[in-house]
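Heads up, the thing below is written out as structure tokens.
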Amino acid sequence: MSDCSSSGTDEDLDPELELLDELGGKLSKWTNYIHGWQDRWIVLKGNILSYYRSADEKEYGCRGSICLSKAVITPHEFDECRFDISVNDSIWYLRAEHPLLRQQWIDTIELHKAESGYGSESSLRRHGSLLSLTSAASGLSTTSASSFKKGYSLREKLAEMETFRDILCRQVDTLQKYFDNCADTDSKDELLRDKVFPVDNLKGPLGIDFKGEAITFKATTAGILSTLSHCIDILVKKEDSWQRRLDKEGPNSLINEEEFFDAVEAALDKHDQIEEQSHAERSRTSRQISLTPDTYSSISTHKYLTKPHSHTSSLSSIDLISASDDVHRFSAQVEEMVQSHMTYSLQDVGGDANWQLVVEEGDMKVYRREVEENGIVLDPLKATHAVRGVTGHEVCQYFWNTDYRNDWETTVESFQVVESLSDKAVIIHQTHKRVWPATQRDVLYVSVIRKILSTNENDPDTWLVCNFSVDHDNYPPSARCIRAKINVAMICQTLISPPEGDKEITRDNILCKITYVANVNPGGWAPASVLRAVAKREYPKFLKRFTSYVQEKTSGETILF
């Protein structure tokens, strides 16, 4: 940490001076984790606090400024020379040369606030509000087979079968009487004596007309076989129709919303139970494995992960991600998606009436904007979260890298990398587990990881993973699954609270702000109330599960900035 000295005298900082004067002095300001504390020229005029690289560079314009109207000034609890100024999400960490000078700055700033007609708002949170979500909700399907009725054609054929059955039963009775009488001794003698049946009437013993019975029996059995064959064909067709109706999603579902929701809830609960058991098993296994930077590199399938914990090497992971060689046939779409998310996804939704806060659990907030198109629910979801002890790079790395997908993703049945477009962009096909009565879904999408450098030294750099649907000749939609369309982004920023003095940064100094957004077209109809209830349940669980997984994997590891 560089030594700091104030070029302003005690008289310059006397709070009793006229507030119209411009007050200036040198303070140390925390810039970032690479450069640490740097001397800056701080200017206070009215209720505006500005800073410059040095007093000599004032003519080139300030490097940043904040309005003190709603600022919160907080003396540091342990560092007697430091004080922090926060306005919503913007925080300036400042340090004077000695405690007396710190107090003079604090008193002067508070006096300017008061004289400007504003008071201190101690109720403001230190890190302000978070950013915002949505993800991929699997769509749902329809129908209970018990509700189907037989078609008219099948009823007609069954009636024919009833008639044939009656005729056949009468014939069987007649023949049975003949066989019973043949078993009688006298009848046997009579049959043997005649040797052949009389030709004139073709009647045997007991006056049975064998020719007529044979013709009738043959016609009856032919009719039965024909009708039975027809019935089988109808039943096969009906079975196909029933299966299509069972899998087909549409507003004419034969299962009501309450039954639909109960079925989905039961299926999700079963999946959760299975996942908890497998997670406990994986946790026992993973505790026996410690990933070093070398082993980390050896299992990676992407070059950017080589020695991820070495942020001091000449060709670090940060350098690779920031490189401009990510050129492929989807490059234009990737740039468009990244810019869109950086522009719109990070916007605060607090004052937008179109966004509804549906879940709030601690630092996590989940918002939803209700959108339907042709009866299909397309609700964009937006979630914000804050996780301590991990960086934005680490969160995005584990979200993007398919080596770890099965460790935290519980809804995927199978996935594979279809094509590697570059070191930081791949095409992935994944099939999601079926949740009855939902039809199974699959998605085909480009997944890209990026680092967006900040244009202002007061703002953190941004790590982003963007997943959006594309088409691929080798993976057309299948008849077994409904192809969903997604546009998902995991956006992370790392906030660092400066350590005391010259101490190294630890995970206790790190806070990762996460914005997760998901626009999903499930590709089929499902009851809107069910789809929204499932999203409300599943998105918070996903964020908590995934971020806990990242915390567990990075605990004890070198920080990957």
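Going letter by letter, the sequence shown gives residues 1 to 561 in UniProt numbering.
Even glycine gets a Cβ: it sits at the ideal position worked out from N, Cα and C.
Because the structure is a prediction, the values reported are computed rather than measured.
- Of the candidates E77, Y93, I85, I85 places its Cα closest to the Cα of I109.
- Excluding its 5 nearest sequence neighbours in each direction, R388 has C-beta neighbours in its own chain below 6 Å: L511, listed in chain order.
- The stretch 470-485 makes no contact with the stretch 501-518; the number of CB pairs closer than 8 Å stays below 3.
- For F399, the closest C-alpha among the options K553, W436, P527 is that of K553.
- Taking 8 Å as the upper bound for CB-CB distance, R450 and P522 are not in contact here, some 27 Å apart.
- G501 and D79 have their C-alpha atoms some 8 Å from each other.
- Counting only residues of its own chain and dropping the five nearest sequence neighbours on each side, D461 has a CB closer than 8 Å to the CB of G392, K451, I452, L453, S454, Q493, T494.
- If one requires a minimum length of 3 residues, the beta strand (DSSP E) runs lying completely within the stretch 400-461 are 412-422, 425-432, 441-452, in chain order.
- Secondary structure note for F546: it is in no beta strand (DSSP E), and the uninterrupted alpha helix (DSSP H) holding it is 528-554.
- In the structure shown, G212 falls within a helical segment according to DSSP collapsed to helix, strand and coil.
- DSSP places R480 in the coil class of the three-state scheme, outside both helix and strand.
- Each residue's CA atom was taken as its position, placing S555 and G46 some 46 Å apart.
- E336: member of the alpha helix (DSSP H) spanning 331-340, first to last residue.
- By a beta-carbon distance limit of 8 Å, Y367 contacts L357. Their separation comes to about 6 Å.
- Between the beta-carbon of Y51 and that of C62 there is about 6 Å, and that keeps the pair under the 8 Å contact cut.
- If you compare the alpha carbons of L94, A71, L381, T216 with that of E538, the shortest gap goes to L381.
- I491 sits close to L464, with the two beta carbons spaced by under 7 Å.
- In its chain, beyond the 5 residues on either side, T220 have a beta carbon closer than 7 Å to the beta carbon of I167.
- In this structure, the beta-carbon distance from A263 to P437 falls below 7 Å.
- Of the other Cβ atoms in all chains shown, 16 or more fall within 10 Å of the Cβ of P527; this residue is therefore buried.
- No Cβ-Cβ contact shorter than 7 Å links V236 with V395.
- The beta carbons of F330 and V418 sit about 12 Å from each other, so the pair does not count as a contact at 8 Å.
- For L543, the closest of Q347, V172, E409, Q277 by C-alpha to C-alpha distance is E409.
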